[in-house]
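First to last, the sequence lines map onto chains B and Y. The first sequence maps to residues 1 to 344 in the working numbering. The second sequence maps to residues 1 to 336 in the working numbering. Notes follow once the structure below has been shown.
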Amino acid sequence: MEKSEMLEKINKLAGEIGRDVNLMEVCGTHTQVISRSGICKVLPKNVHLITGPGCPVCVTAQGDIDAIISLALAGVPVATYGDLLRVPGQFGSLDQAREKGAKVFDVYSTEDALKLKEENPDLVFFGLGFETTTPMTAWAIKKGLTVYSTHKRFLPAMEALLAAGEVRIDGFIDPGHVSAIIGERPYDDLDAAQVITGFTEDDVLQGILMLLDQIKENRKDVENQYKRVVKKEGNKNARKIINEVFEIGDGDWRGFGIIANSGLEIREKYEKFDAKKKYKSILDKIDFSKSVDPNGCRCGDVIRGMINPKQCPMFARVCTPENPVGPCMVSVEGACHNFFREAE
Amino acid sequence: MTMEQYSSISLDMGGGGQKSSELISDIRKIIKDVGKWKNTGDDGAIFKIPRNAGNLIFTTDAFIIDPIFFPGGDIGKIAMCGTINDLSVMGARPIGISLSIVIEEGFPRDDLMKILRSINKVSQESGVPVVTGDTKVTEKGKIDKIEITTSGVGLAQNVIQNNGVEPGDLIIASGDLGEHTIALLAKRFNYQTKIKSDSKALDKEIEKVGGYLNACKDPTRGGLAANLSEMAEKSKVKIVLNERDLPYKKEVKAVTELLGLDVFSLASEGRFLASVSPKNAQKALKILKTFNREAKIIGKAQKAKNKQEIGVYFETELGGSRKIESPRGKLIPRIC
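See below:
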């Protein structure tokens, strides 16, 4: 279907529904695609796209950020994905720790981290992200990489959003990459219309169209628009390696706090690669009561979809991609970063 | 925008983005004197030779790169082409290059010979000689393998600068962009791809079309995003690109989608972006197509209504419009 044809159908359905419809996208890559394409500008006025907690860097808890920076400052070599290096905390950012002489590396993959380990045997990899990145971390732990895990299961966050009821969510644009691992079934219990959606502009438009169709017919189904990548049963091998290395714990999320059963901690079998245990003496000295959001930063509210980035008083005034106050402005997958990049 | 004073040098400052400008402006606060040379923020400085005998253009560039060998080239080729191209995009005919090499102790002789052979190859093919140089060897661990600095001088009758974009001008890309970065990334990630680095010397093609160009720049570090934005800012115009005419191959876009990278930030090492008046655009394009069939018009310059409008915009098929911002220098792949 051509874009113009899809838009026509979207307009027609939105008209038939009549009321305001909130659709939440919960994957950083969707945030980027939607922003770059300008989809919001061509949607009918009553269809609202809201960015949810889909940016891994953004949802990483302040305490975890402060913990990894403490390790780096204590002389432990640290590696992680590029964006995280700039997130500020009570001890500055990892980038600033590197300027002071700490060994901090940004890597593209855990494979890169394993290579770095050859010359830095004590290297700790800061593992972050959802089911998308967790299998690679699990693989690397089995190869002997020491990890500080902040990996998270995504579904509990969607449940928490619906349970809190702060924002009415009529439908979820389900995350394509996460779904490729977990499959379709886990979404069944969520009380909202859902479409697992791919990452081209056409995919997103079609996902929106399918959601509106469900909403009009009062359905709350899980549909799969991204069948070319996401299989009904997901990726069993990837899940197997996650389960082998990680066990479910309580996860700490920026904006939410603790969400039960959302965390992934390293199993006892692999505890010698668990940085939280290996460096307990350093981590115990941190005053986590000071691990709070930067003064005035509203990333937490942005992550939960409570406000749009432009409603934050610091947006574009104090907080910019060059001098970010909070992680949502740091990360290329963050809502604030993408809003800032959009032309007026 | 508030700008905090930095206390030490961060990696961002080498990235070619806003933080780099901050560093350069600090350098210029201390080293102010340029004598009779003129430097307008192009890659080279200009010295007007008395009695209308043309202009001497002088440029220099340091190269550190990982990996040093990649599909379509190596650090030697990049170091030569980079300096030849910096002269060429200013409308200068390169006449001589200097070559300084700092080598880490233990560097394999075979690798060094390979790099020197590719330097010689570019020199022979372009007819630009390496006229002087220096070598140093440092203790192991003091630098990463090898670092090369080239400087070059060239002669230009008429200097082309990057601030000459006029409202109404058409923007031409001399070929598809971004293939240098993709070749490097593919090597790092062990992807199978047919994409090779686009590195090559641009002197011959610019010599042929130079007379038609109002402004010109090679989109190396920071890609189209950084370099076309700089042209727009210095020329105080709004440049609008159309989604349908973007100068990127399908395979390049596929890799950026896979990794979640911004396609506009990918670097090229053998391409240029030029601004040409509508009456000359087809003539220039016809000549450029004899060098690269993919040369094409990618957008148009307009008068900026106000200061905020100055910059490069990208219009999507859906009618969305996004300002293309200069990248921070480091490419960040997606993790969600």
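No residue lacks a Cβ here, since even glycine has one placed at the ideal position from N, Cα and C. In this text, all values refer to a predicted model and were calculated from it rather than measured experimentally.
Using 8 Å for Cβ pairs, my map puts residue i next to residue j. What's the rounded Cβ distance?
i: B/Gly82; j: Y/Ile332; result: 4 Å
i: Y/Asn214; j: Y/Gly164; result: 4 Å
i: B/Leu128; j: B/Thr80; result: 7 Å
i: Y/Leu170; j: Y/Pro247; result: Not really, about 13 Å apart at Cβ, beyond 8 Å.
i: Y/Gly178; j: Y/Gly223; result: 6 Å
i: B/Pro327; j: B/Val57; result: 5 Å
i: B/Thr60; j: B/Arg254; result: 6 Å
i: B/Met210; j: B/Glu201; result: Not confirmed; about 15 Å, so no contact.
i: B/Asp174; j: B/Gln206; result: With a Cβ gap of about 13 Å, B/Asp174 and B/Gln206 do not count as contacting.
i: B/Gly38; j: Y/Ser321; result: 6 Å
In chain B, which residues lie less than 8 Å from residue i when you measure between Cβ atoms?
i: Y/Cys81; result: In chain order: nothing, as chain B lies at least about 26 Å away.
Measuring alpha carbon to alpha carbon, tell me which residue in the options is nearest residue i.
i: Y/Ile195; options: Y/Leu261, Y/Ser268, Y/Gln124 and Y/Ala226; result: Y/Ser268
i: B/Leu345; options: B/Ser149, B/His177 and B/Met158; result: Missing from the structure shown is residue 345 of chain B; chain B here goes from 1 to 344 and no further.
i: Y/Ala183; options: Y/Thr59, Y/Gly15, Y/Ile172 and Y/Asp198; result: Y/Asp198
i: B/Lys232; options: B/Lys269, B/Lys272, B/Ser179 and B/Lys216; result: B/Ser179
i: B/Lys272; options: B/Leu84, B/Ser70, B/Asp122 and B/Gly52; result: B/Asp122
i: Y/Gln157; options: Y/Glu207, Y/Ile78 and Y/Ser277; result: Y/Glu207
i: Y/Lys303; options: Y/Ser88, Y/Gly168, Y/Gly76 and Y/Asp110; result: Y/Gly168
i: Y/Gln308; options: Y/Ala232, Y/Glu243 and Y/Lys279; result: Y/Ala232
i: Y/Ile324; options: Y/Glu243, Y/Gln282, Y/Asn52 and Y/Phe291; result: Y/Glu243
i: B/Cys40; options: B/Lys143, B/Ile10, B/Ala163 and B/Asp188; result: B/Ile10
i: B/Ile182; options: B/Phe130, B/Val104 and B/Glu5; result: B/Phe130
i: B/Glu99; options: B/Leu85, B/Thr110 and B/Val302; result: B/Leu85
i: B/Tyr108; options: B/Ala102, B/Glu118, B/Phe126 and B/Asn120; result: B/Phe126
i: B/Met136; options: B/Lys103, B/Phe246, B/Pro327 and B/Glu201; result: B/Phe246
i: B/Ile266; options: B/Glu111, B/Ile242, B/Leu283 and B/Asp287; result: B/Ile242
i: Y/Phe291; options: Y/Val276, Y/Phe272 and Y/Lys305; result: Y/Phe272
i: Y/Lys283; options: Y/Asn39, Y/Val137, Y/Ser7 and Y/Tyr212; result: Y/Tyr212
i: Y/Ile148; options: Y/Lys136, Y/Gly44 and Y/Ala186; result: Y/Lys136
i: Y/Pro67; options: Y/Ile239, Y/Ala301, Y/Glu230 and Y/Ile146; result: Y/Ile146
i: B/Ala74; options: B/Asn261, B/Asp20 and B/Asp284; result: B/Asp284
i: B/Gly296; options: B/Ala14, B/Val325 and B/Asp221; result: B/Val325
i: Y/Thr132; options: Y/Arg117, Y/Ser100 and Y/Gly141; result: Y/Ser100
i: Y/Gly338; options: Y/Phe107, Y/Gly311 and Y/Lys48; result: Outside the shown range of chain Y, which is 1 to 336, sits residue 338 of chain Y, and nothing can be said about it.
i: B/Val124; options: B/Asp189, B/Val87 and B/Leu71; result: B/Leu71
i: Y/Lys121; options: Y/Ile27, Y/Ala79, Y/Gly15 and Y/Glu315; result: Y/Ala79
i: B/Glu322; options: Y/Met13, Y/Ser8 and Y/Asn280; result: Y/Met13
i: B/Tyr148; options: B/Tyr279, B/Arg219 and B/Asp203; result: B/Tyr279
i: Y/Ala274; options: Y/Ser174, Y/Ala226, Y/Asp111 and Y/Ile143; result: Y/Ser174
What does residue i touch in chain Y if you count any residue whose Cβ is under 9 Å from its own?
i: B/Arg341; result: Arg322, Lys323, Ile324 and Glu325
i: B/Lys3; result: Glu317 and Leu318
i: B/Pro175; result: Cys336
i: B/Gly234; result: Residues of chain Y passing the Cβ test: none, with the nearest at roughly 16 Å.
Using a Cβ cut-off of 7 Å, pull out every chain Y residue sitting near residue i, in sequence order please.
i: B/Ser37; result: Thr316, Leu318 and Gly320
i: B/Pro294; result: Within chain Y, no residue comes near B/Pro294; the closest Cβ sits about 14 Å away, beyond 7 Å.
i: B/Thr134; result: The contacting residues do not exist; B/Thr134 stays about 11 Å from chain Y at best.
i: B/Thr29; result: Gly260, Arg334 and Cys336
What in chain B is Cβ-close to residue i, meaning under 7 Å?
i: Y/Ile332; result: Gly82, Asp83 and Val332
i: Y/Glu139; result: Within chain B, no residue comes near Y/Glu139; the closest Cβ sits about 16 Å away, beyond 7 Å.
Between residue i and chain D, is any beta-carbon pair separated by less than 8 Å?
i: Y/Gly260; result: The displayed structure is made up of protein chains B and Y, and chain D is not among them.
Please list the partners that residue i has in chain Y, where partner means a Cβ-to-Cβ separation under 8 Å.
i: B/Val42; result: Leu318, Gly319 and Gly320
i: B/Phe130; result: Cys336
i: B/Gln32; result: Gly260 and Arg334
Residue i touches chain B at which residues, Cβ-Cβ below 9 Å?
i: Y/Phe189; result: Tyr108, Ser109 and Glu111
i: Y/Leu251; result: It should be noted that the sequence gives Glu, not Leu, for residue 251 of chain Y. Chain B residues near Y/Glu251: none, gap ~16 Å exceeds 9 Å.
i: Y/Glu104; result: The premise fails here: Y/Glu104 is roughly 14 Å from chain B at the closest Cβ pair, so nothing lies under 9 Å.
Between the stretch 305-328 of chain B and chain Y, which residues of the former have a C-beta closer than 8 Å to a C-beta of the latter?
Those residues of the stretch 305-328 of chain B placed with their C-beta closer than 8 Å to a C-beta in chain Y are Val318, Thr320, Pro321, Glu322 and Asn323, ordered along the chain.
TODO: Decide yes or no for the touch test of the stretch 95-102 of chain B against the stretch 21-30 of chain Y: beta carbon pairs closer than 8 Å, at least 3 of them.
DONE: No, the stretch 95-102 of chain B is not in contact with the stretch 21-30 of chain Y.
* Asked: Mind listing which residues of the stretch 182-212 of chain B have their C-beta closer than 9 Å to chain Y's C-betas, in chain order?
  -> Against chain Y - using a Cβ distance shorter than 9 Å - the residues of the stretch 182-212 of chain B are Phe199, Thr200, Glu201 and Leu205.
(request) May I ask you to list, following chain order, the residues of the stretch 86-102 of chain B that have a beta carbon less than 7 Å from some beta carbon of chain Y? (result) Listed by position along the chain: Asp95 and Glu99.
**Request:** May I ask you to list, following chain order, the residues of the stretch 8-19 of chain Y that have a beta carbon less than 9 Å from some beta carbon of chain B?
**Result:** Correct list: Ser8, Ile9, Ser10, Leu11, Asp12, Gly17, Gln18 and Lys19.
Per the contact definition of three or more C-beta pairs closer than 8 Å, is the stretch 143-163 of chain B in contact with the stretch 211-218 of chain B?
The stretch 211-218 of chain B is not in contact with the stretch 143-163 of chain B.
Item to check | Stretch pair the stretch 288-299 of chain B + the stretch 52-68 of chain B: three plus CB contacts closer than 8 Å | outcome: Taking a cut-off of 8 Å on C-beta distances, the stretch 288-299 of chain B touches the stretch 52-68 of chain B, as three or more cross pairs fall below it.
If you measure beta-carbon to beta-carbon, which residues of the stretch 230-245 of chain Y are closer than 8 Å to chain B? If the cut-off is 8 Å between Cβ atoms, the stretch 230-245 of chain Y has nothing near chain B.
* For the stretch 106-124 of chain B, which residues have a beta carbon sitting closer than 9 Å to at least one beta carbon of chain Y? -> Within the stretch 106-124 of chain B, the qualifying residues are Asp106, Tyr108, Ser109, Glu111 and Asp112.
Members of the stretch 44-59 of chain B near chain Y, C-beta cut-off 9 Å: Residues Gly54, Cys55, Pro56 and Val57.
*asked:* For the structure I just gave you, are there three or more beta carbon pairs, one from the stretch 139-156 of chain Y and one from the stretch 74-91 of chain Y, closer than 8 Å?
replied: The stretch 139-156 of chain Y makes contact with the stretch 74-91 of chain Y, as at least three CB pairs between them are under 8 Å.
Using a Cβ-Cβ cut-off of less than 7 Å, give me the residues of the stretch 108-122 of chain Y that come near chain B, in sequence order.
Taking 7 Å as the Cβ-Cβ cut-off, the stretch 108-122 of chain Y has no residue approaching chain B.
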